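Residue numbers (this note's numbering), protein chains in the order written: chain A, 249 to 589; chain B, 2 to 279.
Think of the CB as a built atom: it goes at the ideal place given N, C-alpha and C, for glycine as much as any other residue.
This structure is a prediction, so every number in the text was calculated from the model and none was measured.
One structure below.
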C-alpha cells in the first residue's frame, strides 16, 4: 500500500479539534486520549482531551482490532437443530488518531499470525482494511521505552497511513499511503515549510538520542542455545504469574474460545496461566513458572523471529510499567544477552 | 471470512468402545450435501469438533479418506466438551471445522514395511492410516504390515470390532496385548514395549508409526533404537491442548513449531530437535 512519498502538510495545534471533527464527520474516529493509567483509544467526542503521555498510551491499539472479548458466532438450538449466526467484521471505514509508531508496528507483526493463508482470520483482516491509522511520532519517549532495541523507531512509519511529527506550534503531517492521502487531502492544510520539515528532523533526532543505540547482540541465537540454561531457574522467581504484562502487550495474541449465553466467544488468554496448556487428561506440558516465563520470552525473542525474521516485541515498555513485581523486561533481556555460549 | 464457523454434521452412529464406555466412536455426516462432497482430508489430520453450547475440541479423524460419505471420531470422556459429546445420540448435531494439521507421510512410506505400535486410545489416529494402507487400492503399495496394540485391560481395548476384522486378514500381523488379563482373556498379557522386543521387527526398509500414553512412547522409542531403528524411521502424532486449530491462539506450540499447523505428525528425528514440552 505504500508508494511514492507525498508532500507533508502542516497542522497547527489549534486546528486539531477542527480536524478531528472533520474526520469524525466522515467516519467513526478513535482518538488516543486520557491520562496515565486511563489513557487509551476512545471514540471521538467534542472537547476530548488528547493523550499527552511520554511514550504510548497505557491501553493498546491492538484491542481495536482484536477485542478483549469478541463473538465469533451466535447460536440457537431450535427443535434440536443448531442455527449459527456468524459475526461479521465491521467494514465501515474508520480512523484511529494519535497511535504511536510502536503500536502500529505491533499490528504489522500480528498481521501474518491472523492473515497467513490458508486460514485467514477475516475478523482481524476486515478491521485492518477498514481502519486508517494516523500516527503520532514520539517526541518524548517514556521512561520504559526501548523501541530501538527491537528494531523500532520513535518516528517509525511502519504500519501507519499518516505520520504526524510534533514540532513547535503544531505537527508536520506526512501521508504515507493512498489511504493516508485520502484522510489528509480533504483537510486542505498548507504544505509544510522547509523550516517546519527541519524542525521535524530535529524532533526525531532528539527522540532517538534519548533512547540510545540498540545492543549489538543476537538475542535469538543466544536464546536458541540456552533453552536449558540455569538462568531460567532464577529469572522467573519474582514473577507472580498475574499475566498483566500479556494483557497490555501489543503483540500478545493468545486467546481462549468458549460457549456462553448463545454465543461462541474468543477472549484474550495468557501463556502465563497454569491452565493455559493443561490437557483435559490432567497432563500439563508447562508445569511451572519457570517454563511459562521461558515460553513467553522464547516466543517473542526466539520462536517468532525464527518464523518471521524479527522479534515479536516493539519496545513499548508497558510490561515494564505495569508489572506489580517490578520485573523489568529490559534487565531480563540484558541478563539473557549476557549469557556466554 | 470467519474460519471459526463450523459446518453442521449429524451423528449417524455411536459405538461404545471400552467396557466402562469412557471411549465412544461417533460416525457423523455433514448436514449439507455440498460440504459432505467437498470435505477432503488425509490420514493423520484432525478436526475441531463442537458440541454447540458446550464448546469445541481438537479430535483426530479416525476414519480414512478411503471411507467416503462420513467421518469417525473416537472420543474419550475427559473434560466438559467430551462429556457433553458422550451424551449425544444418533440424530444429534455436532459442529465440525477442518481438516487441520499435517498428515502421515503415506506417499514416502510406499514400498516399505509398516509397523504400527499403539496403546489405549492412541490407536484412534493410527487407525486412519491403517485403514488407508489396507484399502484395496493401496495395499500393494506397501510391504509387510504389522500392528502391536495394547491396553491396560481387555475392557480398555478400543475398536474391538475393527481388531476382529484386521485379525482375519492374512496380509497383516496383529498382536493385541493387555497389561492385566481377566478370567475371559485368552490373548497376550504384557506391556506393549515387551511385545515389541519379543517380536523384534527388523529396521531394514521399515517405518514405524506409534501413538499412546507418554510412558509407553518413552519405552517404545528406547526399544526401537535398540532394535536398530533410526529416529527418521519413527513417526508419531502428538496430542496438545488447542483452541483455534489454525495457528492463531498461541496454545499448542513446542518451540517454534505449532502442533496444529506443523504437526500433529512428527518424526522422532524432528522431536529430538524440539524442546521436550509435550
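Since residue 188 of chain B and residue 178 of chain B should fall inside the 8 Å C-beta cutoff, what is the C-beta to C-beta distance between them, to a whole number of angstroms? Along the second chain, one-based indexing puts residue 188 of chain B at 187. Along the second chain, one-based indexing puts residue 178 of chain B at 177. About 7 Å separates the two Cβ atoms, so the contact holds.
Quick check on residue 494 of chain A: does DSSP put it in helix, strand or coil? Counting from one through the first chain, the residue named residue 494 of chain A turns up at place 246. Correct three-state label for residue 494 of chain A: helix.
Any beta-carbon of chain A closer than 8 Å to the one on residue 155 of chain B? Position 154 of the second chain, counted from the first residue, corresponds to residue 155 of chain B. No, its Cβ sits nowhere closer than 8 Å to a Cβ of chain A.
Quick one: what does DSSP say residue 417 of chain A is sitting in, helix, strand or coil? Locating residue 417 of chain A in the first chain gives position 169, counting from the first residue. Residue 417 of chain A falls in the coil class under three-state DSSP.
Tell me the rounded alpha-carbon separation between residue 125 of chain B and residue 270 of chain B. Taking the second chain and counting its residues from 1, the one referred to as residue 125 of chain B is at position 124. Taking the second chain and counting its residues from 1, the one referred to as residue 270 of chain B is at position 269. Whole-angstrom Cα-Cα distance: 23 Å.
By Cβ distance below 8 Å, which residues in the same chain neighbour residue 447 of chain A in space, the five residues on each side in sequence not counted? Indexing the first chain from 1 puts residue 447 of chain A at position 199. For residue 447 of chain A, where only same-chain residues beyond five positions count, the Cβ hits under 8 Å are 415, 416 and 420.
Between the CA atoms of residue 571 of chain A and residue 249 of chain A - distance to the nearest angstrom: The count along the first chain starts at 1 and reaches residue 249 of chain A at position 1. The count along the first chain starts at 1 and reaches residue 571 of chain A at position 323. Below a pLDDT of 50, predicted positions are generally treated as unreliable, and residue 249 of chain A, at 45, falls in that range; no measurement from the model is reported.
Hey, out of A/561, A/287 and A/365, whose CA is closest to residue 3 of chain B's CA? Position 2 of the second chain, counting from 1, holds the residue named residue 3 of chain B. Considering only alpha carbons, the answer is A/365.
Going by CA-CA distance only, name the one from B/89, B/97, B/104 and B/197 that's closest to residue 217 of chain B. Position 216 of the second chain, counted from the first residue, corresponds to residue 217 of chain B. Nearest option by C-alpha distance: B/197.
Could you tell me which chain A residues have their CB closer than 9 Å to the CB of residue 3 of chain B, listed as they occur along the chain? The count along the second chain starts at 1 and reaches residue 3 of chain B at position 2. Ordered by position in chain A, the residues that pass the 9 Å Cβ test against residue 3 of chain B are 320, 321, 334, 335, 336, 337, 369, 370 and 371.
Within 10 angstroms of its Cβ, does residue 162 of chain B collect 16 or more other Cβ (buried), or is it exposed? By 1-based counting over the second chain, the position of residue 162 of chain B is 161. Exposed.
Can you tell me whether residue 155 of chain B is buried or exposed? The criterion is at least 16 other CB atoms within 10 Å of its CB, across all chains shown. Working through the second chain from its first residue, we reach residue 155 of chain B at position 154. When all chains shown are included, residue 155 of chain B counts as buried.
At 7 Å on the CB atoms, spell out the chain B contacts of residue 487 of chain A, in chain order. The sequence position of residue 487 of chain A within the first chain is 239, counting from 1. Those within 7 Å of residue 487 of chain A in chain B number zero; the least Cβ separation is about 18 Å.
Going by Cα to Cα distance, which pick from A/556, A/300 and A/484 is closest to residue 258 of chain B? Residue 258 of chain B sits at position 257 when you count from the first residue of the second chain. Here the closest residue by C-alpha is A/556.
Note the first and the last residue of the continuous beta strand (DSSP E) segment covering residue 281 of chain A. Start at 1 with the first residue of the first chain, and residue 281 of chain A comes out as number 33. Run containing residue 281 of chain A: 276-281, per the beta strand (DSSP E) assignment.
Members of the region 250-263 of chain B that neighbour chain A once the beta carbon cut-off is set at 7 Å: 250, 251, 252, 254, 256 and 257
Quick one: what does DSSP say residue 190 of chain B is sitting in, helix, strand or coil? In the second chain, residue 190 of chain B corresponds to position 189, counting from 1. Three-state result, residue 190 of chain B: strand.
Please report the distance separating the alpha-carbon of residue 173 of chain B from that of residue 145 of chain B. As a first step, residue 173 of chain B must be located in the second chain, where it is residue number 172. As a first step, residue 145 of chain B must be located in the second chain, where it is residue number 144. Cα-Cα distance, rounded: 7 Å.
Could you tell me the boundaries of the alpha helix (DSSP H) in which residue 373 of chain A lies? Stepping through the first chain from its first residue, residue 373 of chain A is reached at position 125. Unbroken alpha helix (DSSP H) run through residue 373 of chain A: 370-378.
Identify whether residue 159 of chain B lies in helix, strand or coil by the three-state DSSP scheme. Here residue 159 of chain B corresponds to residue number 158 of the second chain, with the count starting at 1. Correct three-state label for residue 159 of chain B: coil.
Quickly, what does DSSP pair residue 412 of chain A with across the bridge? List them, please. As a working mapping, residue 412 of chain A is identified with position 164 in the first chain. The partner list for residue 412 of chain A (beta bridge, DSSP) reads A/384 and A/421.
Whole-angstrom distance between residue 323 of chain A and residue 336 of chain A, CA atom to CA atom: Translated into the one-based positions of the first chain, residue 336 of chain A becomes position 88. Translated into the one-based positions of the first chain, residue 323 of chain A becomes position 75. Approximately 14 Å between the Cα atoms of the pair.
Quick one: does residue 329 of chain A have its CB under 8 Å from some CB of chain B? The sequence position of residue 329 of chain A within the first chain is 81, counting from 1. True, the Cβ-Cβ gap to chain B drops below 8 Å.
Short-range partners of chain B found in the region 487-510 of chain A, where Cβ spacing is below 7 Å: 501, 502, 503, 504, 505, 506 and 507
Can you tell me which of B/107, B/225 and B/253 puts its alpha carbon nearest to the alpha carbon of residue 134 of chain B? Walking along the second chain from the start, residue 134 of chain B turns up at place 133. Of the listed residues, the one whose Cα sits closest to residue 134 of chain B is B/107.
Name the chain B residues whose beta carbon is nearer than 8 Å to that of residue 526 of chain A? Along the first chain, one-based indexing puts residue 526 of chain A at 278. Here the neighbours are 242.
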